[in-house]
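In our numbering, the protein residues as written are 5 to 326. A quick write-up on the structure given underneath.
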Amino acid sequence: GEYKIAYALGDSVNWDIQTLVGSNLGPYGTGASPNIAVSPQGVAHIVYRGGTYGNYHIHHAWNDSLGGSNWSYEIMMSGNANDFSCALVIEAGGDLHLAISGNDGWGFPGRVYYFYQPEGQGWQPFELASLSYSAVVPSIDVDEYGSPHIVWMEISGNMYTGNIFYSHKEAGGSWQVSSVIGGDYFFPSFKVDQQGFGHIGCHTGGNTGIYDIYHIRSGESLTSLKEYSYCNKGFSSYYLSGNYPNPFNYYTYITYYIPTTAMVSLKVYNTLGEEVAVLVNKFQPAGNHHTKWDASEIVSGIYFYRLQVGAFTQTKKCLILK
């Protein structure tokens with residue numbers, strides 16, 4: 005028979021099922037392993053292994069609205085000759101984060117690549133998230149600042165080692181890899197909670213024959229925004245952090261602390277002193293706050309963001325590189 009991806013929308017009683025006629029899964033479609041995420045507008049994004057043996061890649065399908073039947077398709081080309089598995093997550097603002105794993109042939113090392121698509125824009129150049137490690141079967145999530153976090157299994161030749169690793173981006177934008185747990189742990193599923201702690205669900209038994217489900221929680225917050233450590237230091241006065249990332253291409257995050265409820269103004273200026281963006285202009289309660297600056301339509305250069313709360317004013321510099 006012919007293999008296709010299906011999509012269902014409904015409640016606990018009634019389901020509307022669609023067949024994605026444009027999906028191409030080849031003769032071994034049971035290995036497609038579709039993964040779905042839904043945007044804040046209700047648009048469904050489905051990623052899956054498509055194509056045929058020797059030419060497998062991750063395909064991306066999405067509809068035009070909540071429950072819409074008009075589907076678009078694209079093929080995601082990574083640095084691997086063939087790709088087999090993937091994981092997708094969508095931010096509250098609509099940005100897409102995708103992890104893809106594959107290799108250059110049977111027995112070759114596996115690699116995990118990271119893809120990012122800002123809301124309303126095209127995909128940015130992919131990045132090698134697993135560095136020199138041999139990695140497969142990624143699971144991805146993002147923290148509240150939009151930073152990606154990926155866990156994956158290690159593979160040696162064609163055998164899973166039972167070791168789970170973690171990839172994340174440092175403040176400078178480079179990927180770092182660390183070991184989570186090893187010996188007999190397989191097929192991790194990963195989430196970051198609201199406090200920034202990572203949670204992994206996986207199973208054992210591949211090496212020992214002792215089959216169990218495990219939950220692993222990070223010992224500290226995974227957020228890569230180390231500049232925000234002041235949030236736990238009990239500041240009693242105003243504070244404006246350095247933005248992250250910096251330099252940046254399309255977006256960055258700015259965090260600040262105010263000790264009392266007040267009218268807050270956070271604006272961005274160019275080197276001529278001209279206002280280019282208003283990020284915050286409203287009353288806010290005392291405490292820590294953060295905001296995202298979408299600079300996708302701003303040209304490269306040096307800019308200054310200024311926090312003004314009553315008589316307090318502080319300005320810091322940032323750099324856009326495109």
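Where a beta carbon is used, it is the ideal one built from N, C-alpha and C, also for glycine.
Can you check DSSP and say which residues form a bridge with residue i?
i: M81; result: For M81, which the question treats as bridged, DSSP gives no partner whatsoever.
i: D20; result: L13
i: K326; result: DSSP lists no partner for K326.
i: K8; result: DSSP lists no partner for K8.
i: N107; result: N86
i: L276; result: Looking at the DSSP assignment, L276 forms no beta bridge with any residue, so it has no partner.
i: G185; result: The question names Gly, but residue 185 in the sequence shown is Ile. I185 pairs with I168.
i: G305; result: I324
i: Y257; result: Y248, K296
i: N59; result: T56
i: S76; result: W66
Taking residue i as part of the beta strand (DSSP E), name the residues at either end of that continuous run.
i: K286; result: 279–288
i: V141; result: 139–146
i: D298; result: 291–298
i: Y218; result: 217–221
i: E301; result: Per DSSP, E301 belongs to no beta strand (DSSP E) and is neither H nor E.
i: A48; result: 48–56
i: E158; result: 152–160
i: S193; result: 190–196
i: N39; result: 39–42
Do residue i and the ligand NAD come close, with the Cβ less than 7 Å from some heavy atom?
i: Y257; result: The ligand NAD is not part of this structure, which contains no ligands at all.
Under a three-way DSSP split, which group does residue i fall into?
i: P263; result: coil
i: T34; result: helix
i: F88; result: strand
i: W66; result: strand
i: Q125; result: coil
i: L135; result: coil
i: L29; result: coil
i: I214; result: coil
i: D208; result: Here the sequence assigns Thr to residue 208, which means Asp is not the residue at that position. In this structure, T208 counts as coil in the three-state DSSP scheme.
i: E224; result: coil
i: F112; result: coil
i: Y149; result: coil
For residue i, count neighbouring C-beta atoms within 10 Å of its own C-beta (all shown protein chains included) and say buried if the count is 16 or more, exposed if not.
i: V268; result: buried
i: P142; result: buried
i: V303; result: exposed
i: V196; result: buried
i: N84; result: buried
i: E95; result: buried
i: L311; result: buried
i: T264; result: exposed
i: I79; result: exposed
i: R221; result: exposed
i: M163; result: exposed
i: W110; result: exposed
Quick one: measure Cβ to Cβ for residue i and residue j, integer angstroms, because I've assumed they're closer than 8 Å.
i: H49; j: I40; result: 7 Å
i: G58; j: L29; result: With a Cβ gap of about 15 Å, G58 and L29 do not count as contacting.
i: G106; j: S136; result: Incorrect: roughly 16 Å between the Cβ atoms, too far for contact.
i: I9; j: Y52; result: 6 Å
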